[in-house]
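One structure is given below, encoded as structure tokens.
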Amino acid sequence: MSRLTTMAVRVNGTLREFIAAKTGEHGAYENISEYVRDLIRRDKERSEREAHDRLKAELVSAFAAPDESYHPLSAAEVIARNKA
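So for the sequence shown, the working numbering puts the first residue at -8; every next one is plus one.
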């Protein structure tokens, strides 16, 4: 079961006008809450995509490295290295 949280955000001037144009009868969103939830979802997706892209770049680099650059590590060595 999901928990709802109410948050207050203050905007004025051009931001308020921009939000008003995006919501309501003539906007793409029914209300401000729907608009903000969509913005948060998109930002979450962007963050996840960026993390995936960083991981992919690391893997591409690792697989392109010559075999001589690899050396075996124990699990304890990996954990110690990652803690540092």
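Glycine is no exception: its CB is placed at the ideal position from the N, C-alpha and C atoms.
Problem set entry | Helix, strand or coil at Thr14 [DSSP, three-state] | strand
For this session: Go to Tyr26, then tell me how far its alpha helix (DSSP H) extends in each direction, as first and last residue.
Result: Ile23 to Ala55
For this session: Taking Arg72 as part of the alpha helix (DSSP H), name the residues at either end of that continuous run.
Result: Ala66 to Lys74
Exercise. Sorted by chain position, which residues of the same chain lie with C-beta nearer than 8 Å to Tyr20's C-beta, five sequence neighbours on each side aside?
Worked result: Lys13, Thr14, Tyr26 and Asp29
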